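Peer 1: Can you read through this structure? Questions will come right after.
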Amino acid sequence: MEDIRIYVEEAPGQRRELEAPTDMGLSLMELLKANDYPIQATCGGMALCATCHVEVLAGPPLPEPSDDEWAMLDTLPVLHETSRLSCQIRLHPNLDGLVVRIADPA
Amino acid sequence: MSAVISTDICIIGAGPVGLFAVFEAGLLKLRCHVVDALPQPGGQLSEIYPKKPIYDIPGYPEILAGDLVDNLMKQCAPFHPTFTLGERVERFEKLANGSFQLATTDGTEITCKAVAIAGGLGSFEPRKPAVENLERFEGGKGVHYMVRDPEHFRDKKIVIAGGGDSALDWTNFLAGVASEVTLVHRGTTFRGAADSAEKVKTLAEAGKIKLVLSSNVTHLHGNGHLQEVTITGNNGEAETVPLDAFVPLFGLTPKLGPIGDWNLDLTDDAIVVNTEDYSTSLPGVYAIGDINTYPGKLKLILCGFHEAALMCQGAFKYIFPDKKYTLKYTTVNGAPSL
Numbered sequence: 000m001e002d003i004r005i006y007v008e009e010a011p012g013q014r015r016e017l018e019a020p021t022d023m024g025l026s027l028m029e030l031l032k033a034n035d036y037p038i039q040a041t042c043g044g045m046a047l048c049a050t051c052h053v054e055v056l057a058g059p060p061l062p063e064p065s066d067d068e069w070a071m072l073d074t075l076p077v078l079h080e081t082s083r084l085s086c087q088i089r090l091h092p093n094l095d096g097l098v099v100r101i102a103d104p105a
Numbered sequence: 000m001s002a003v004i005s006t007d008i009c010i011i012g013a014g015p016v017g018l019f020a021v022f023e024a025g026l027l028k029l030r031c032h033v034v035d036a037l038p039q040p041g042g043q044l045s046e047i048y049p050k051k052p053i054y055d056i057p058g059y060p061e062i063l064a065g066d067l068v069d070n071l072m073k074q075c076a077p078f079h080p081t082f083t084l085g086e087r088v089e090r091f092e093k094l095a096n097g098s099f100q101l102a103t104t105d106g107t108e109i110t111c112k113a114v115a116i117a118g119g120l121g122s123f124e125p126r127k128p129a130v131e132n133l134e135r136f137e138g139g140k141g142v143h144y145m146v147r148d149p150e151h152f153r154d155k156k157i158v159i160a161g162g163g164d165s166a167l168d169w170t171n172f173l174a175g176v177a178s179e180v181t182l183v184h185r186g187t188t189f190r191g192a193a194d195s196a197e198k199v200k201t202l203a204e205a206g207k208i209k210l211v212l213s214s215n216v217t218h219l220h221g222n223g224h225l226q227e228v229t230i231t232g233n234n235g236e237a238e239t240v241p242l243d244a245f246v247p248l249f250g251l252t253p254k255l256g257p258i259g260d261w262n263l264d265l266t267d268d269a270i271v272v273n274t275e276d277y278s279t280s281l282p283g284v285y286a287i288g289d290i291n292t293y294p295g296k297l298k299l300i301l302c303g304f305h306e307a308a309l310m311c312q313g314a315f316k317y318i319f320p321d322k323k324y325t326l327k328y329t330t331v332n333g334a335p336s337l
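Chains as they are written, first to last, in numbering that gives the first Met the number 0: chain U, 0 to 105; chain S, 0 to 337.
See the structure below:
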């Protein structure tokens, strides 16, 4: 399976391209951690802590959040319209070109 | 102020690694006192995922996180550890004789011969919303990030903010205690427990609480003590509400906290250790589990257990530099005791 490209907006107009394998079952959170982004992902990817919160800025449509993901997002003091938990986004060939920004930790 | 607690090792952090360190220290006849900012032992396992199964604990093909904590508590019980829970170690001082003096946020004082930091990702602290003047009214001046004693709010006017289970549960509970409860939520629906959300709606329809949806608390006002909050709707309309207490309930998030000020070598908010004995840059202070870092570090519970065993050997040598220790297997010594 081919690698896809994920972009992380590090500052307005400044995007870093990440090459992401799609045959390893990785989540976006794992890709971000592997690239040394400062997300804690305290719960390890169970949608239980919201410390891997990202905003989706552009790119292909994503599957709707699960109830568990919604419930966790609902606890945050600040939520953006396109907020997601990166641990719940599984890297897939359909996600080529996804652009995200890491949300400020509360 | 309570009496000073005196022990051999003070373990900061009552997560699985901290609890196993109590056991390993006990095998070496070292007494332990454990401090944790959370009100119950277990750290992340109890606070975040007690009902989730863990699959990589040796000997347990599958075990619930909460059950692992219960087992660790049973395993270390023969060594009679003492606990200070719900308090965070705030002050830390190394004395001239090589021992340590610690003090918690609530004034508990501990003297010990060695310190083991098993603080995971740090202490779990409340998520704070971006509200103007929030910090001005902390510390008993009207802002409460948790409900320790519901009676504190009896016959008071309170505004709760949040949309998760804590906000729903406390709104329901305090509706019968406070004189006036307003729940402010930035969304229009609640995805917490369905029955809790239903109860909130029923109370609101009956006029027993005020429910303000699609809104945020944006400003706090008061002279010395909190007196009013401004609630701003997503449409930009704002209203000012008089109150006695503001209770933002947005869950907990880990922060390194005061440990970062203890002059230990840190890298990316993790404590640098020597893997020979998990000692830090300050002799007598050790760091184990998720809070430390070294080449090849794996943040796994089972790695933390290994670190705890080696750390206790190192702490024993630090505390008793002249004593010789010979490793004995637990199968040889029989049932453990101090």
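The beta carbon of each residue, even a glycine, is placed where N, CA and C say it ideally should be.
In this text, all values refer to a predicted model and were calculated from it rather than measured experimentally.
Mapping DSSP to helix, strand and coil, what is S/Asn-291?
Peer 2: Numbered from its first residue, the second sequence carries residue 291 of chain S at position 292. S/Asn-291: strand per DSSP, three-state reduction.
Peer 1: Can you check the region 119-182 of chain S for any beta strand (DSSP E) of at least 3 residues that lies completely inside it and give the ranges in chain order?
Peer 2: Here the runs fully enclosed are 122-125, 156-160.
Peer 1: Using CA coordinates, which residue listed in U/Gln-13, U/Glu-9, U/Gly-12, U/Ala-49 is at the minimum distance from U/Met-28?
Peer 2: Here residue 28 of chain U corresponds to residue number 29 of the first sequence, with the count starting at 1. Checking every option, the nearest Cα to that of U/Met-28 belongs to U/Ala-49.
Peer 1: Tell me, which residues are paired with S/Ile-56 by DSSP?
Peer 2: For this step, residue 56 of chain S is matched to residue 57 along the second sequence. Bridge partners of S/Ile-56: S/Tyr-59.
Peer 1: Tell me the DSSP secondary structure of S/Lys-198 in three-state form.
Peer 2: Numbered from 1 along the second sequence, position 199 holds the residue referred to as residue 198 of chain S. Helix at S/Lys-198.
Peer 1: For a quick check, are the C-beta atoms of S/Leu-225 and S/Phe-123 less than 7 Å apart?
Peer 2: By one-based count along the second sequence, residue 225 of chain S stands at place 226. By one-based count along the second sequence, residue 123 of chain S stands at place 124. The answer is no: Cβ separation not under 7 Å.
Peer 1: Could you check whether the Cβ of U/Asp-73 sits closer than 7 Å to any Cβ belonging to chain S?
Peer 2: As a first step, residue 73 of chain U must be located in the first sequence, where it is residue number 74. Yes, because at least one Cβ of chain S sits closer than 7 Å to the Cβ of U/Asp-73.
Peer 1: Could you tell me which residues DSSP puts in a beta bridge with S/Asn-215?
Peer 2: Residue numbering aside, residue 215 of chain S sits at position 216 when the second sequence is read from its first letter. Paired residue(s): S/Thr-231.
Peer 1: How close, in whole Å, do the beta carbons of U/Leu-78 and U/Leu-72 come, if the pair is a contact with beta carbons under 8 Å?
Peer 2: Locating residue 78 of chain U in the first sequence gives position 79, counting from the first residue. Locating residue 72 of chain U in the first sequence gives position 73, counting from the first residue. With 8 Å as the limit, U/Leu-78 and U/Leu-72 qualify as a contact, their Cβ atoms being about 6 Å apart.
Peer 1: When you compare the CB of S/Ile-208 with every CB in chain U, is at least one pair closer than 7 Å?
Peer 2: For the purposes of this step, residue 208 of chain S is identified with residue 209 of the second sequence, where counting begins at 1. No, no contact with chain U.
Peer 1: So, at 7 Å on beta carbons, what are the nonlocal neighbours of U/Lys-32 in its own chain, with the 5 sequence-adjacent residues on each side left out?
Peer 2: As a position in the first sequence, residue 32 of chain U is number 33, starting the count at 1. The answer, listed in chain order, is Ile-38, Ala-40.
Peer 1: Between U/Glu-68 and S/Pro-247, what straight-line distance do the alpha-carbon atoms span, to the nearest angstrom?
Peer 2: Numbered from its first residue, the first sequence carries residue 68 of chain U at position 69. Numbered from its first residue, the second sequence carries residue 247 of chain S at position 248. So the two alpha carbons sit approximately 21 Å from each other.
Peer 1: Indicate whether S/Ile-8 and S/Leu-29 have their beta-carbon atoms separated by less than 7 Å.
Peer 2: On the second sequence, position 9 is the one that residue 8 of chain S refers to. On the second sequence, position 30 is the one that residue 29 of chain S refers to. Yes.
Peer 1: Got a sec: is the Cβ-Cβ distance from S/Phe-249 to anything in chain U below 7 Å?
Peer 2: Within the second sequence, residue 249 of chain S is the residue found at index 250, counting from 1. At least one chain U Cβ lies under 7 Å of S/Phe-249.
Peer 1: How about S/Ile-56: is its C-beta nearer than 7 Å to some C-beta of chain U?
Peer 2: As a working note, residue 56 of chain S is residue 57 in the second sequence. With 7 Å as the cut-off, S/Ile-56 does not count as an interface residue toward chain U.
Peer 1: Across which residues does DSSP place S/Glu-92 in a beta bridge pair?
Peer 2: Within the second sequence, numbered from 1, the residue matching residue 92 of chain S stands at position 93. Paired residues: S/Gln-100.
Peer 1: Got a sec: which bits of the region 24-53 of chain S sit with their beta carbon under 9 Å from any beta carbon on chain U, in order along the chain?
Peer 2: Cβ contacts with chain U come from Gln-43, Ile-47, Tyr-48, Lys-51.
Peer 1: What residues from chain S crowd round U/Met-28, counting only those whose CB sits closer than 7 Å?
Peer 2: Sequence index remark: in the first sequence, residue 28 of chain U carries index 29 (1-based). Correct list: empty, because the minimum Cβ distance to chain S is about 14 Å.
Peer 1: How would you call S/His-184, buried or exposed, if buried means at least 16 neighbouring beta carbons within 10 angstroms?
Peer 2: Taking the first residue of the second sequence as position 1, residue 184 of chain S is located at position 185. Burial call: buried.
Peer 1: So which residues of chain U does S/Thr-252 contact, with C-beta pairs closer than 9 Å?
Peer 2: If you number the second sequence from 1, residue 252 of chain S lands on position 253. Near S/Thr-252 (Cβ distances below 9 Å), the residues of chain U are Gln-39, Thr-41, Cys-48, Ala-49, Thr-50, Pro-104, Ala-105.
Peer 1: Can you check whether the C-beta of U/Ala-70 is within less than 7 Å of a C-beta belonging to chain S?
Peer 2: Within the first sequence, residue 70 of chain U is the residue found at index 71, counting from 1. So, interface residue.
Peer 1: Based on the DSSP secondary-structure assignment, which residues constitute the bridge partners of U/Tyr-6?
Peer 2: The residue you call residue 6 of chain U lines up with position 7 of the first sequence. Per DSSP, U/Glu-16, U/Val-98.
Peer 1: Could you tell me which residues DSSP puts in a beta bridge with S/Ala-113?
Peer 2: Numbered from its first residue, the second sequence carries residue 113 of chain S at position 114. S/Ala-113 is bridged to S/Ile-8.
Peer 1: Which residues in chain S sit within 8 Å of U/Asp-66, going by Cβ to Cβ distance?
Peer 2: The residue you call residue 66 of chain U lines up with position 67 of the first sequence. Those are Arg-190, listed as they occur along chain S.
Peer 1: Please list, in chain order, all residues of the same chain as U/Glu-18 whose beta carbon is under 7 Å from its beta carbon, the five residues on each side excluded.
Peer 2: Position 19 of the first sequence holds residue 18 of chain U. If we look at U/Glu-18 and ignore the five residues flanking it on each side, its Cβ neighbours are Asp-2, Arg-4.
Peer 1: Can you tell me where the beta strand (DSSP E) holding S/Val-68 begins and where it ends?
Peer 2: As a first step, residue 68 of chain S is located in the second sequence; it is residue number 69 there, counting from the start. First-last for S/Val-68: 64-75, but that is the alpha helix (DSSP H), not the beta strand (DSSP E).
Peer 1: Between S/Leu-265, S/Ser-98, S/Glu-204, S/Val-16, which has its C-alpha nearest S/Phe-315's C-alpha?
Peer 2: As a working mapping, residue 315 of chain S is identified with position 316 in the second sequence. Comparing Cα-Cα distances from S/Phe-315 to each of S/Leu-265, S/Ser-98, S/Glu-204, S/Val-16, the minimum goes to S/Ser-98.
Peer 1: Comparing C-alpha positions only, which one of U/Ser-65, U/Arg-89, U/Thr-81, U/Val-55 sits nearest to U/Val-99?
Peer 2: Walking along the first sequence from the start, residue 99 of chain U turns up at place 100. Nearest of U/Ser-65, U/Arg-89, U/Thr-81, U/Val-55 to U/Val-99, Cα basis: U/Val-55.
Peer 1: Less than 7 Å between CB atoms is the rule here; does U/Pro-76 satisfy it with respect to chain S?
Peer 2: On the first sequence, residue 76 of chain U is found 77 positions in, with the first residue counted as 1. By this cut-off, U/Pro-76 is an interface position.
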